[in-house]
Amino acid sequence: MWRIVGQDRAVAQLQAALERQAVAHAYLLVGPPQVGKMTLALNFAQALNCEGTVPPCQECPACGRIASSQHPDVLVVGLLTENGNRPRKEIGIDQIREVQHLASLPPFQGRSKVFIIEAAERLSQEAANCLLKTLEEPPPRVVFALLTSQEQLLPPTILSRCHRIELAPVPEGTIQALLAQRGTAPELARLVARLSRGCPGWAVSATEVGDILEERNRSLDAWLRLGGHDIGERFAYAAHLAAQFDRDRSAVEAALKLGQGWWQDLLLVKGGAAEHITNLDQAATLAQEAAVYTWPQIRKALYSLEAARRQLELNANPRLVLEVLMLNLPRKGGEVAGATP
Ligand SMILES: [Zn+2]
1000 MWRIVGQDRA
1010 VAQLQAALER
1020 QAVAHAYLLV
1030 GPPQVGKMTL
1040 ALNFAQALNC
1050 EGTVPPCQEC
1060 PACGRIASSQ
1070 HPDVLVVGLL
1080 TENGNRPRKE
1090 IGIDQIREVQ
1100 HLASLPPFQG
1110 RSKVFIIEAA
1120 ERLSQEAANC
1130 LLKTLEEPPP
1140 RVVFALLTSQ
1150 EQLLPPTILS
1160 RCHRIELAPV
1170 PEGTIQALLA
1180 QRGTAPELAR
1190 LVARLSRGCP
1200 GWAVSATEVG
1210 DILEERNRSL
1220 DAWLRLGGHD
1230 IGERFAYAAH
1240 LAAQFDRDRS
1250 AVEAALKLGQ
1260 GWWQDLLLVK
1270 GGAAEHITNL
1280 DQAATLAQEA
1290 AVYTWPQIRK
1300 ALYSLEAARR
1310 QLELNANPRL
1320 VLEVLMLNLP
1330 RKGGEVAGAT
1340 P
């Protein structure tokens, strides 16, 4: 049984490869953060090594060991460090050399060795070159699964060696039903399903891990208050985000996405399409705010947030990018942020 929601097409592709015994040496699983890439990769590793009659059975020792990260032939490589220190900034050459070495040995217990490379877009250039050599001459009984939400950042040479499988955002109703099944109250399930933008992993964490929704509320509040802030306060916020970026870039990426979602909602409310807003619990505030800003101001905010996100992706100086963003975000009443003392 494949334990993943809303990815029937991706599952069917992998299932077909298994049935035809035509499994590729390397797969690229592409999709937004927390849409289910890791779950799918682990399910696939189970299917490749399952000892039951209908793989992945979820009942045999191999399936169990893979589910609890204890199978010697299934290895996850990524930015997280084992001792819980701050995440690495990139996947280094040392990590890929280790993979290369392990890939050259036959499987210990299972039929296939599976290497799952999480956040593959963060492979250092050296690491990517090293991985490429292995992908060009893949050892027998080894399968690579590269996971990414930003495939445009991967070298074309790597992409060309991988069989691409796309994970699309999961329909809101499916996620809402999943949350209801897990015991989430209906109103909260509706809000979280909408906020998750098709990513069940985020939705489940948001209902189970206490501070995810609180963090979202804090961050939303910060974006909301920026509208009335002068340039000094705005630059202080830019400095705060830049420092956070240094520790945990994904948190800042999430904050910028949240800001985009907020301004997108303002556009919807202003255009009379309030039923489509993402921040369902903020309808009243959105209605007030939408009256304050003009169309060009809202569009400029959206454009500036998107530009900032792209520049950070390309490793521009975070402090500079965020300060430019703060200068460009509209101020209530229509003045330029820097114009008020
Ligand atoms: Zn099994």
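According to my numbering, the sequence shown is numbered sequentially starting from 1000. Even for Gly, the Cβ is constructed at its ideal location relative to N, Cα and C.
*Cβ of Pro1071 within 7 Å of any heavy atom in ligand 1?*
Numbered from 1 along the sequence shown, position 72 holds the residue referred to as residue 1071. It does not: the Cβ of Pro1071 is nowhere closer than 7 Å to a heavy atom of ligand 1.
*Hey, Val1022 and Ala1015: beta-carbon distance below 8 Å or not?*
In the sequence shown, counting from the first residue as 1, residue 1022 sits at position 23. In the sequence shown, counting from the first residue as 1, residue 1015 sits at position 16. No, the Cβ-Cβ distance between Val1022 and Ala1015 is not below 8 Å.
_Since Leu1178 and Ala1192 should fall inside the 8 Å C-beta cutoff, what is the C-beta to C-beta distance between them, to a whole number of angstroms?_
Residue numbering aside, residue 1178 sits at position 179 when the sequence shown is read from its first letter. Residue numbering aside, residue 1192 sits at position 193 when the sequence shown is read from its first letter. The pair is a contact, with the Cβ atoms about 6 Å apart (cut-off 8 Å).
*Near Ala1106, what residues of its chain come up, given a Cβ to Cβ distance below 7 Å and the 5 sequence neighbours on each side ignored?*
To locate residue 1106, count along the sequence shown from 1; it is residue 107. The sequence as given places Pro at residue 1106; Ala does not occur at that position. Around Pro1106: Asp1072, Lys1112 and Arg1140.
*On the three-state DSSP scale, how would you describe Ala1336?*
To locate residue 1336, count along the sequence shown from 1; it is residue 337. Residue confidence is low: Ala1336 scores 45 on pLDDT, short of 50, so the model does not pin down where it sits. No coordinate-derived value is stated.
*Can we count Pro1106 as close to ligand 1, meaning its CB is less than 7 Å from some heavy atom?*
Looking up residue 1106 in the sequence shown gives position 107. Every heavy atom of ligand 1 is 7 Å or more from the Cβ of Pro1106, so no.
_Pro1317, buried or exposed, once every other Cβ within 10 Å from all chains shown has been counted against 16_ = As a first step, residue 1317 must be located in the sequence shown, where it is residue number 318. That one is buried.
*Whole angstroms is fine: what's the gap from Leu1225's alpha carbon to Arg1233's?*
Reading the sequence shown from its first residue, position 226 is the one you call residue 1225. Reading the sequence shown from its first residue, position 234 is the one you call residue 1233. One C-alpha to the other measures close to 7 Å.
*Take Gly1005 and list the residues in its own chain whose beta-carbon comes closer than 6 Å to its own, dropping the five residues that flank it on each side.*
Within the sequence shown, the letter at position 6 stands for residue 1005. Counting only Cβ-Cβ distances below 6 Å, and skipping sequence neighbours, we find Val1169 and Thr1173.
_Near ligand 1: Ala1184 beta-carbon under 7 Å from a heavy atom_ = For the purposes of this step, residue 1184 is identified with residue 185 of the sequence shown, where counting begins at 1. Checking the Cβ of Ala1184 against ligand 1 gives no.
_With a threshold of 7 Å (Cβ to nearest heavy atom), would Gln1014 be considered close to ligand 1?_
On the sequence shown, position 15 is the one that residue 1014 refers to. No, ligand 1 has no heavy atom inside 7 Å of this Cβ.
*Ala1272 - containing alpha helix (DSSP H), residue span*: Here residue 1272 refers to the residue found at position 273 of the sequence shown. From DSSP, Ala1272 is part of no alpha helix (DSSP H); its letter is neither H nor E.
_I'd like the ranges of any alpha helix (DSSP H) spanning at least 4 consecutive residues and lying wholly in the region 1199-1235._
1199-1207 and 1210-1225
_Does Ala1202 pass the burial test, meaning 16 or more other C-beta atoms within 10 Å, or should it be called exposed?_
Reading the sequence shown from its first residue, position 203 is the one you call residue 1202. When all chains shown are included, Ala1202 counts as buried.
_Within 8 Å, do at least three Cβ pairs link the region 1155-1164 to the region 1022-1039?_
yes
_Please give the ranges of any alpha helix (DSSP H) in the region 1135-1211, keeping only runs that are unbroken, at least 4 residues long and fully inside the region._
1155-1158, 1171-1180, 1185-1194 and 1199-1207
*asked:* Nearest by alpha-carbon distance to Pro1032: which of Glu1097, Trp1001, Pro1199 and His1070 is it?
replied: On the sequence shown, residue 1032 is found 33 positions in, with the first residue counted as 1. Selected option, being the one with the closest Cα: Pro1199.
_Quick check: does the Cβ of Pro1054 come within less than 7 Å of any heavy atom belonging to ligand 1?_
In the sequence shown, residue 1054 corresponds to position 55, counting from 1. True, at least one ligand heavy atom lies under 7 Å from that Cβ.
*Report yes or no: is there a C-beta of chain D within less than 8 Å of the C-beta of Ser1204?*
The structure shown has no chain D; it contains just one protein chain.
*asked:* To the nearest angstrom, how far is the alpha carbon of Ser1249 from that of Gln1263?
replied: By 1-based counting over the sequence shown, the position of residue 1249 is 250. By 1-based counting over the sequence shown, the position of residue 1263 is 264. Roughly 21 Å separates the two Cα atoms.
*Around the Cβ of Met1325, are there at least 16 other Cβ atoms within 10 angstroms (buried) or fewer (exposed)?*
Position 326 of the sequence shown, counted from the first residue, corresponds to residue 1325. So Met1325 counts as buried.
*Alpha-carbon to alpha-carbon, Leu1146 and Glu1165*: In the sequence shown, residue 1165 corresponds to position 166, counting from 1. In the sequence shown, residue 1146 corresponds to position 147, counting from 1. Whole-angstrom Cα-Cα distance: 10 Å.
_Restricting to Cα atoms, I'd like to know which of Ala1286, Lys1269, Ile1276 and Gln1069 is closest to Arg1298._
Against the sequence shown, residue 1298 aligns to sequence position 299. Nearest option by C-alpha distance: Lys1269.
_For a test of your reading of the model: does the CB of Gly1051 fall under 7 Å from any non-hydrogen atom of ligand 1? Yes or no._
Within the sequence shown, numbered from 1, the residue matching residue 1051 stands at position 52. It does: the Cβ of Gly1051 is within 7 Å (strictly closer) of some heavy atom of ligand 1.
*Grab the span of the alpha helix (DSSP H) containing Phe1043 for me, first residue to last.*
The sequence position of residue 1043 within the sequence shown is 44, counting from 1. Run containing Phe1043: Lys1036 to Asn1048, per the alpha helix (DSSP H) assignment.
_Integer Cβ distance of Ala1061 from Gly1091, believed to fall under 8 Å_ = Working through the sequence shown from its first residue, we reach residue 1061 at position 62. Working through the sequence shown from its first residue, we reach residue 1091 at position 92. Not a contact, Cβ separation roughly 30 Å.
_Rounded to whole angstroms, what is the Cα-Cα separation between Gln1124 and Ala1184?_
Position 125 of the sequence shown, counted from the start, is the residue given in the question as residue 1124. Position 185 of the sequence shown, counted from the start, is the residue given in the question as residue 1184. About 46 Å.
*From the DSSP output, read off the bridge partner residues of Val1075.*
Within the sequence shown, numbered from 1, the residue matching residue 1075 stands at position 76. Beta-bridge pairing links Val1075 to Ile1115.
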